[in-house]
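Going down the list, the sequences are from chains B, A, P, R, H and C.
In this text, residue positions in the first sequence follow the numbering used here: the first is 1, and each later residue adds one.
In this text, residue positions in the second sequence follow the numbering used here: the first is 1, and each later residue adds one.
In this text, residue positions in the third sequence follow the numbering used here: the first is 1, and each later residue adds one.
In this text, residue positions in the fourth sequence follow the numbering used here: the first is 1, and each later residue adds one.
In this text, residue positions in the fifth sequence follow the numbering used here: the first is 1, and each later residue adds one.
In this text, residue positions in the sixth sequence follow the numbering used here: the first is 1, and each later residue adds one.
All C-beta atoms in this analysis are idealised placements derived from N, C-alpha and C, irrespective of residue type, glycine included.
For reference, the structure discussed in these notes is given below.
There are 6 protein chains.
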Amino acid sequence: MNKQKNLNEIKPGEEIILFLVVDKIELKTTKGGNPYLNLELRDKTGSISAKLWERAEETYSQIMPNSIVKIAGKMEEFNGNPQIKIEKIRPAVESDGISFEFFLAKSNRKLEEMINELNSFIESVKNPFLNKLLVTVFSGKTLEKFQTAPAGKGWHHAYIHGLLEHTIEIAKICELMCTFHKELNRDLLISGALLHDLGKIEELTYQTFFDYTDKGKLLGHIVIAALEVQQAIDRINDFPEELKEQILHLILSHQGKLEFASPVEPRTLEAITLYQADELSAKTNAYKLAIAAEKNKDVSWTKYLPLAETSLFIPKNNQS
Amino acid sequence: MNKQKNLNEIKPGEEIILFLVVDKIELKTTKGGNPYLNLELRDKTGSISAKLWERAEETYSQIMPNSIVKIAGKMEEFNGNPQIKIEKIRPAVESDGISFEFFLAKSNRKLEEMINELNSFIESVKNPFLNKLLVTVFSGKTLEKFQTAPAGKGWHHAYIHGLLEHTIEIAKICELMCTFHKELNRDLLISGALLHDLGKIEELTYQTFFDYTDKGKLLGHIVIAALEVQQAIDRINDFPEELKEQILHLILSHQGKLEFASPVEPRTLEAITLYQADELSAKTNAYKLAIAAEKNKDVSWTKYLPLAETSLFIPKNNQS
Amino acid sequence: MNKQKNLNEIKPGEEIILFLVVDKIELKTTKGGNPYLNLELRDKTGSISAKLWERAEETYSQIMPNSIVKIAGKMEEFNGNPQIKIEKIRPAVESDGISFEFFLAKSNRKLEEMINELNSFIESVKNPFLNKLLVTVFSGKTLEKFQTAPAGKGWHHAYIHGLLEHTIEIAKICELMCTFHKELNRDLLISGALLHDLGKIEELTYQTFFDYTDKGKLLGHIVIAALEVQQAIDRINDFPEELKEQILHLILSHQGKLEFASPVEPRTLEAITLYQADELSAKTNAYKLAIAAEKNKDVSWTKYLPLAETSLFIPKNNQS
Amino acid sequence: MNKQKNLNEIKPGEEIILFLVVDKIELKTTKGGNPYLNLELRDKTGSISAKLWERAEETYSQIMPNSIVKIAGKMEEFNGNPQIKIEKIRPAVESDGISFEFFLAKSNRKLEEMINELNSFIESVKNPFLNKLLVTVFSGKTLEKFQTAPAGKGWHHAYIHGLLEHTIEIAKICELMCTFHKELNRDLLISGALLHDLGKIEELTYQTFFDYTDKGKLLGHIVIAALEVQQAIDRINDFPEELKEQILHLILSHQGKLEFASPVEPRTLEAITLYQADELSAKTNAYKLAIAAEKNKDVSWTKYLPLAETSLFIPKNNQS
Amino acid sequence: MNKQKNLNEIKPGEEIILFLVVDKIELKTTKGGNPYLNLELRDKTGSISAKLWERAEETYSQIMPNSIVKIAGKMEEFNGNPQIKIEKIRPAVESDGISFEFFLAKSNRKLEEMINELNSFIESVKNPFLNKLLVTVFSGKTLEKFQTAPAGKGWHHAYIHGLLEHTIEIAKICELMCTFHKELNRDLLISGALLHDLGKIEELTYQTFFDYTDKGKLLGHIVIAALEVQQAIDRINDFPEELKEQILHLILSHQGKLEFASPVEPRTLEAITLYQADELSAKTNAYKLAIAAEKNKDVSWTKYLPLAETSLFIPKNNQS
Amino acid sequence: MNKQKNLNEIKPGEEIILFLVVDKIELKTTKGGNPYLNLELRDKTGSISAKLWERAEETYSQIMPNSIVKIAGKMEEFNGNPQIKIEKIRPAVESDGISFEFFLAKSNRKLEEMINELNSFIESVKNPFLNKLLVTVFSGKTLEKFQTAPAGKGWHHAYIHGLLEHTIEIAKICELMCTFHKELNRDLLISGALLHDLGKIEELTYQTFFDYTDKGKLLGHIVIAALEVQQAIDRINDFPEELKEQILHLILSHQGKLEFASPVEPRTLEAITLYQADELSAKTNAYKLAIAAEKNKDVSWTKYLPLAETSLFIPKNNQS
């Protein structure tokens with residue numbers, strides 16, 4: 001597939017030919033008795049509503065929700081909101097060479113660069129047991145998932161490679177903290193930073209859209225990570241018991257408070273540093289995304305954000 | 001050692017010869033300049049203060065805190081509180097045939113009877129994977145600890161065999177709930193009831209007194225149990241993934257609320273039943289112990305109980 | 001009236017003749033200017049939307065909300081949701097022999113069986129004052145209401161006879177707890193179990209649908225029960241003052257926490273047991289109902305439940 | 001008994017002869033082996049420690065805690081705190097003409113004046129049912145207790161006649177609110193103001209000291225008042241049901257929040273006014289007492305007050 | 001403009017000619033393809049929906065949201081809700097002599113009377129520094145805004161002159177409290193009462209509708225007031241430092257709790273009185289408005305009020 | 001004064017001559033009737049109890065609490081705790097050349113280095129208004145205090161120069177965050193980082209010991225800083241209003257939550273970053289200090305820390 005325009009760049013009046021994902025499809029009837037289709041379509045920059053006024057019933061039987069379609073039509077505007085009038089629509093086929101991955105938001109950072117930074121951090125851990133643990137965990141299928149997964153469903157780093165980007169940010173913040181405090185056990189802290197969110201690769205599904213898995217909802221990413229790290233440690237000879245307890249403690253306590261789903265609260269110096277570094281990375285990214293989502297709307301406040309329990313100011317003199 | 005009188009049965013004026021545990025020992029000096037020893041001693045029914053007025057410095061160097069001693073002396077009373085005046089004191093020796101176990105509170109129920117009930121519950125689980133899991137876990141060293149451990153440091157079932165007693169109570173309550181609701185997966189629920197507090201055998205130390213271990217404070221008994229159950233499941237062929245997630249969910253959610261240290265809240269029918277059955281067993285036992293502790297004091301209210309956030313009424317017409 | 005099919009058993013395409021309750025009726029106009037009726041109808045298995053395209057204005061003036069109607073029509077489906085196309089509709093008349101009771105959800109347990117169990121519990125209370133109190137309260141109009149009322153508006157045991165079913169469950173759980181703890185005052189505890197939710201017969205209205213009464217919202221079922229029990233006790237000679245305070249305390253504290261609307265928290269052994277037994281019975285029933293409500297929807301999670309603060313897992317291998 | 005000096009007016013070095021209440025009495029021994037008595041004594045202005053060095057054992061057997069004694073001795077000072085050195089001590093006898101009442105803090109307002117104000121408010125209520133209710137309740141034994149009782153154990157209006165003083169303050173505030181809002185049902189609001197704390201006459205004991213009764217701890221003053229008002233209403237013919245529910249609602253909701261032990265929150269205009277008027281009267285009085293208690297200590301902040309969750313500033317330029 | 005009928009007084013079927021404010025205007029299309037306008041219009045008594053079926057597109061380009069229009073049309077009713085069918089509509093022009101002020105809710109009290117009361121309170125403050133402060137602040141532009149502003153966006157005293165009305169109520173309540181407690185520093189308390197909500201004149205915008213300003217959302221009215229009062233104090237010679245801190249403390253602590261956005265909690269006697277007086281005035285007014293808003297709806301309960309966390313009872317026998 | 005040994009380096013048995021601060025001094029009497037002095041003395045490494053057995057009354061009249069004394073004596077040990085037996089004691093005199101500063105804990109970082117870093121950050125701010133603001137604020141008396149003050153009374157950076165050290169840490173963390181997010185307004189964020197805790201120079205007193213001032217308790221450091229920054233801005237021509245609101249918002253919101261005393265919560269991207277950077281710096285430092293305080297005690301857990309709501313693990317393999 002050739003590169004196509006993003007939905008948020010298309011102006012009213014433009015003729016369009018686009019691949020899009022079908023989030024919702026409904027068969028409706030006008031009061032005059034004519035059937036029509038109401039659809040929700042999206043690309044990685046957002047979603048939009050669309051109407052098909054012809055051949056509605058026939059088309060309804062051919063298009064599945066959560067599938068990719070190719071459409072031709074025209075961008076219209078109505079009461080200030082963009083809307084697509086579909087002329088033609090068909091399911092994507094294999095020869096289109098298009099996959100769901102194309103429609104998922106992605107990190108702005110280069111993957112290769114981030115992988116290099118991850119590897120540098122792993123190499124920098126000199127404690128042989130922790131180094132072995134990191135090398136064991138970050139390999140094969142797990143590494144592949146870790147490089148791809150988002151760090152959340154929709155709040156912070158909620159895009160492909162987001163987990164990797166978030167992990168590296170935290171490791172860098174922890175590195176800086178070690179320059180302030182020689183008392184921090186750097187190898188332990190960096191290892192905890194790299195491993196703490198590992199469970200997200202099984203807590204989340206991110207093939208066609210971002211959501212929680214059954215396992216994620218029944219166990220939570222914190223315990224999933226602890227279970228995986230235990231299995232890796234069980235394969236390393238003579239891994240010291242106290243070190244095992246400390247690295248598991250970093251994973252278990254990294255959400256900082258019982259009410260945030262950590263089964264224990266931070267009780268080591270490294271644990272409090274990791275928790276606060278995680279908060280700093282997550283909150284800043286989340287607020288940035290929330291502001292960016294409304295940048296082009298000519299408003300000076302975002303909509304109310306339940307997780308922030310407020311709306312955010314969008315300064316006029318903003319630099320970006 | 002022959003059976004000796006309990007501390008709470010000895011009256012002022014009695015001459016005594018007793019084995020006791022030293023909780024505290026302090027060398028002090030009277031204003032007149034004479035050294036003396038101030039001790040805190042206990043048996044399984046409570047603790048008491050004691051004084052040694054002779055050979056204080058010499059004795060101080062011979063007696064260790066957290067050791068067993070043999071004393072001869074006299075029970076006195078001062079301002080309404082009993083106190084021992086020690087005449088002779090020496091460390092217990094091997095030939096005394098006395099161990100710390102003797103000084104720990106114990107369940108009132110017969111151990112053999114409780115073991116039989118545990119076995120009956122295990123046998124009653126017909127799902128082959130769950131049955132295998134229970135048989136695997138409740139064996140060898142683990143079974144031994146499980147039969148001995150208390151269920152807590154000082155709130156509910158805080159006595160030797162308390163974990164077993166508490167576990168059986170919950171299983172019986174769950175059994176009754178199954179008679180109300182055929183929708184409950186009985187095998188899953190009973191298995192969860194038997195396994196949910198397994199982590200307490202490593203969270204607590206109960207050889208000489210009851211306290212939390214480092215591991216207990218860093219990981220918590222909920223995650224310790226999940227880690228142990230995962231290791232047991234890893235040794236069972238073809239254990240179904242969904243069943244594994246459900247049994248782990250029962251363990252993880254059994255404290256019912258995030259703020260009570262469960263990393264996930266109950267999200268299955270069995271999980272909510274187990275949580276509420278656990279609460280019923282624990283709270284009733286805890287309140288009973290708190291009232292019993294002040295039964296002989298001629299008061300109609302217990303002291304303030306931080307965990308209950310109240311004091312409790314001791315009815316005059318109480319039946320027991 | 002002969003037995004009719006339940007709404008949740010009727011398939012699209014079936015011709016139907018049914019008595020149903022009108023929850024809502026709206027006169028609307030198509031864009032073409034034709035008036036039509038939009039109705040919400042229900043039987044005891046759920047509610048459904050319905051349309052009447054003919055004689056809308058005339059019919060609108062004849063059909064009242066919260067009335068019973070007889071309809072003839074056809075079950076249709078649109079966008080996956082069932083909907084009734086009404087051909088004929090008329091108000092139910094006395095000769096139809098149909099009452100609102102027919103449309104309210106009912107307990108699955110047999111009423112007679114439950115009444116027998118209630119009577120057995122009353123008889124088993126040997127304390128003469130408590131026995132007299134129970135016999136006095138559970139008689140006449142009060143008994144009649146007690147046997148009919150639901151235990152709640154929509155969360156747990158929210159069906160006709162639900163209050164009786166819930167009360168008996170709690171009494172059985174309390175009975176089991178007495179086998180664990182001889183310290184429990186059985187007569188007091190069973191009496192408290194039977195009386196604690198008595199106020200619900202005046203807190204709720206359950207003739208045509210389930211809702212709170214003005215009295216229920218101004219006083220709450222806890223205080224209503226306390227006021228009624230006081231009036232009954234005032235008619236019993238020499239009822240001991242301390243016993244009165246204890247039985248009132250059981251009623252007042254049975255929601256366990258101030259923030260759950262108990263004006264005092266449990267401060268006796270019986271009170272904590274009753275509170276926890278109530279929780280166990282209520283929560284298990286509520287979660288069961290919530291899961292059952294979505295059993296046929298081919299989903300593995302229920303919708304979000306505000307009172308549980310989560311959605312619930314619906315296991316594929318569920319037994320029922 | 002003639003008027004005696006208050007404890008907080010006596011200076012170190014003064015010889016004293018006083019009647020005081022014994023809060024605590026302990027027999028202790030000096031390191032030199034001599035027995036002595038350590039006492040806590042109080043009058044209505046505060047408490048003080050005292051020592052008796054002679055005839056300690058003999059005296060110990062004659063003096064009971066919670067009794068009145070007559071002492072002769074000398075006020076001393078040690079490390080900045082006053083302390084009494086007792087020369088002579090004996091139990092008070094009937095001919096001393098002294099009662100516990102003498103040692104309890106009292107309202108600064110004149111009782112007669114307050115009774116007049118109470119009567120004026122009762123007379124001003126023109127609704128015949130509410131007027132009858134007030135006249136019924138405020139009579140005989142109940143009126144006597146109501147005029148004597150404190151409004152609390154130790155926080156606000158915690159002195160004899162405090163309940164009456166507090167009640168009148170609230171009624172006056174409510175009266176003022178009625179001048180702002182004609183929508184307020186004045187008769188209902190004033191009746192609620194007068195009755196809302198009625199339960200305190202049975203919740204508290206205030207004969208020899210201020211404390212909660214068993215009944216107070218098991219039922220709470222809110223429900224006690226509701227039960228009493230129901231009994232009074234039951235004796236009035238044709239008392240309107242809705243009016244009964246509204247006056248009970250005022251009593252039940254007057255603490256404003258479930259977590260402050262109100263079983264329902266304010267749901268009428270009068271209820272919210274009464275709750276806020278109660279808060280205003282109670283908090284202002286409580287803070288005033290807390291500041292007054294440390295006025296003479298040459299500090300600019302009171303000690304930490306748990307109920308206020310802060311310490312309070314004592315301004316230098318304070319007018320009083 | 002001559003006086004026109006209020007929206008809430010017009011009956012279905014009446015022909016109308018009205019000036020109204022446009023809250024919302026949407027261009028829509030019927031299923032038959034005809035464009036029409038859907039509007040939300042309001043006067044000071046409430047808002048109503050309206051339809052324009054002719055010349056929709058042309059009109060849509062002429063009418064702006066948040067503007068004043070003159071309409072001619074007819075009041076209709078549909079499904080119980082009133083709705084305007086617009087025949088003619090045009091923007092208001094200068095010669096209409098109509099401004100937004102006309103459409104904002106206003107206090108029922110006479111402005112002149114309230115200004116007199118404000119001045120009396122200012123004059124009554126005898127402390128020269130506080131008097132100077134009040135005279136300085138309540139002058140010019142600030143005084144003008146203070147007399148006009150509402151006290152809130154939509155909860156209490158949310159109407160023009162509401163801030164002044166609320167301020168005077170509080171001052172009167174504080175005055176009454178001074179008659180109970182001579183310990184209150186009256187000049188300080190009255191000054192705090194008059195100044196505490198001063199920041200609302202910049203926190204809110206109230207020219208065309210009531211909303212928060214950017215400054216209001218970034219700083220909050222509490223800090224805005226503190227900043228303004230500091231600037232006024234900086235212009236007064238020799239204003240005593242302790243007095244400055246106390247008056248600022250009254251402003252900062254007047255919301256009573258940190259979680260209500262006060263950066264310090266009340267720590268002086270005057271501060272606790274002011275906070276509670278503010279609560280009393282605000283809550284009573286808010287509940288009154290919420291009940292009044294549903295007085296004519298023939299319901300006995302208001303809708304759920306998020307800020308009260310309940311719905312409110314509307315008594316049948318209500319006096320107003 | 002020459003450098004003297006630190007209290008925590010002196011061993012039992014050593015003869016000592018030391019300058020120390022008197023935290024407490026009490027005149028007591030032995031049971032034998034001999035007066036003696038009990039003192040609490042401290043240097044910057046901790047406090048210790050001391051006894052003077054000779055000339056107690058005479059000395060008591062010469063030594064004031066919160067003064068510096070010179071003592072000669074001997075370090076003793078009793079029951080494991082060190083204690084000084086004083087032989088000679090006298091008040092420090094001017095010629096001793098000793099001041100309170102000597103006894104206050106100090107930052108481990110070099111002051112000059114930190115001042116250089118502060119200046120670099122100020123210079124790096126290119127926005128002319130913000131640069132002017134920083135230069136204005138960080139000068140003269142204010143700069144002097146800012147370089148000296150601790151950042152807290154006893155939790156984090158609670159030592160001389162701690163405010164400066166803490167400020168620089170935060171600025172460095174913010175600098176790192178800017179490398180992740182180009183959307184951050186660096187000049188605004190760095191300015192906010194440098195100014196946010198400015199109010200602590202007046203909230204705390206740190207001449208002889210660390211405590212809150214009256215002003216600190218009445219206004220809080222957040223509002224004190226806002227008031228000071230407003231005064232500085234008022235002296236800068238044409239300071240943009242929106243920029244003023246944003247910089248004040250950073251100061252006001254930097255504690256992140258209303259319940260932590262911020263009158264507004266973070267509502268800009270810079271505000272959330274600053275809050276989280278502050279948390280990271282403060283918590284890590286606080287936990288480090290708490291662990292360090294018990295490093296030499298041969299325990300593996302610190303005592304319970306109220307502000308952390310837990311005790312902390314002290315790993316055996318700790319690197320420092």
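query, result
"Hey, is L37 of chain B's beta-carbon within less than 8 angstroms of any beta-carbon in chain H?", "no"
"Could you tell me whether the Cβ atoms of I247 of chain R and G192 of chain R are closer together than 8 angstroms?", "yes"
"Would you kindly work out how many angstroms separate the C-alpha atoms of A282 of chain R and I122 of chain C, rounded to a whole number?", "51 angstroms"
"For H249 of chain H, decide whether its Cβ has a neighbour in chain C, counting only Cβ atoms nearer than 8 angstroms.", "yes"
"Is the Cβ of Y332 of chain C closer than 8 angstroms to any Cβ of chain B?", "The displayed coordinates of chain C run from 1 to 320. Any statement about residue 332 of chain C would go beyond what the structure contains."
"Exposed or buried, which one is V264 of chain A when buried takes at least 16 other CB atoms within 10 Å?", "buried"
"In this structure, how does DSSP classify N108 of chain P when only helix, strand and coil are distinguished?", "coil"
"So G327 of chain B and F210 of chain B are in contact, right, with Cβ under 8 angstroms, and what is the actual spacing, rounded?", "In the structure as shown, chain B starts at 1 and stops at 320, and residue 327 of chain B therefore has no counterpart that could be examined."
"Give the secondary structure of S311 of chain H by DSSP, where H, G and I count as helix, E and B as strand, and everything else as coil.", "coil"
"Helix, strand or coil: which one does DSSP assign to M64 of chain R?", "coil"
"May I ask you to list, following chain order, the residues of the stretch 218-239 of chain A that have a beta carbon less than 9 angstroms from some beta carbon of chain C?", "L218"
"Check whether the Cβ of D214 of chain B lies closer than 8 angstroms to any Cβ atom in chain A.", "yes"
"Tell me whether G154 of chain P sits in a helix, a strand or coil according to DSSP, three-state version.", "coil"
"To the nearest angstrom, report how far apart Q319 of chain A and V223 of chain R are at their CA atoms.", "Interpretation of Q319 of chain A is limited by its pLDDT of 40, a score under 50 that renders its predicted location unreliable; the figure taken from the coordinates is listed afterwards. Rounded to whole angstroms, Q319 of chain A to V223 of chain R spans 28 angstroms at the Cα level."
"Applying the criterion that 16 or more other CB atoms from any shown protein chain within 10 Å of the CB defines a buried residue, is M177 of chain A buried or exposed?", "buried"
"If we define contact as Cβ-Cβ less than 8 angstroms, is N318 of chain P a contact residue for chain B?", "Confidence in N318 of chain P is poor, its pLDDT being 47 and thus under 50, which makes the residue's placement unreliable; the coordinate value appears in the next sentence. Not one chain B Cβ lies under 8 angstroms of N318 of chain P."
"Mapping DSSP to helix, strand and coil, what is V69 of chain C?", "strand"
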